[in-house]
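Q: In the working numbering, the protein residues as written are 40 to 231.
Right, I'll just put the structure down here and ask away after.
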């Protein structure tokens, strides 16, 4: 009976991880499609580029999200050796860095509007800045919720193998969001 339950648990975890990867592939495809749309639009005329300098705040938010991936990686390592105190501390640091990233992105929007770059304007290339960053922020909110769930698992505490699995999923998703932001930022930089 115990072996049957263990096998069922393995299957459930494998399915959850597979679903996560499918979701991330779908998210990447959405951003790839948006990138293609941006490229097609800007190629349709010389007047169609971003025609503005991206806010310096994007550099700071890039540093913050990279740091958050480092703290989450360290939290995952702490979970593997069952160091709950260190895991919780590093998870809290990651959550705070995720919130700081969010705030910096919103500040960047304020800077863009002060430069006369609005979501709705005659140049859709500038609207794409808001679309890219806004969709990424929606995923950041989801990522913060995943991190909060991982924190609750460490605070209860749940059995270590469940904790490590939760942390594994959270780490994969958060690192994906990190890489996705770097892609978006570099793409926008190369097209400004």
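Ideal Cβ positions, reconstructed from N, Cα and C, are used throughout, including at glycine.
All values derive from a computational prediction rather than experimental measurement.
(1) When you compare only the Cα positions, how much space is there between residue 41 and residue 48?
(2) Which value, in whole angstroms, describes the spacing of the CA atoms of residue 138 and residue 102?
(3) What do you reckon, are the CB atoms on residue 89 and residue 231 nearer than 8 Å?
(4) Whose C-alpha, out of 167, 69, 146 and 135, is nearest the C-alpha of residue 184?
(5) When the Cα atoms are used, what is the spatial distance from residue 174 to residue 67?
(6) Taking contact to mean 3 or more Cβ pairs, one atom from each stretch, closer than 8 Å, check whether the stretch 148-155 and the stretch 82-99 are in contact.
(7) Out of 190, 206, 181 and 202, state which residue places its alpha-carbon closest to the alpha-carbon of residue 62.
(8) In terms of residues, what are the limits of the alpha helix (DSSP H) holding residue 125?
(9) What residue range is occupied by the uninterrupted alpha helix (DSSP H) comprising residue 182?
(10) DSSP three-state label for residue 90, please.
(11) Expressed to the nearest angstrom, what Euclidean distance is found between the alpha-carbon atoms of residue 75 and residue 193?
(12) Would you identify the three-state DSSP class for residue 95, choosing helix, strand or coil?
(13) Whole angstroms are fine: how far does the CA of residue 214 sit from the CA of residue 99?
(14) Indicate whether the contact test is met: 3 or more Cβ pairs, each with one atom in the stretch 43-60 and one in the stretch 121-133, closer than 8 Å.
(15) Would you identify the three-state DSSP class for residue 222, choosing helix, strand or coil?
(16) I'd like the span of the alpha helix (DSSP H) that includes residue 79, first residue to last.
(17) Can you give me the Cβ contacts of residue 146 inside the same chain, cut-off strictly under 7 Å, excluding the 5 residues immediately before and after it?
A: According to the structure data:
(1) 11 Å
(2) 13 Å
(3) yes
(4) 135
(5) 11 Å
(6) yes
(7) 181
(8) 123-153
(9) 163-194
(10) coil
(11) 41 Å
(12) coil
(13) 17 Å
(14) no
(15) helix
(16) 41-82
(17) 96
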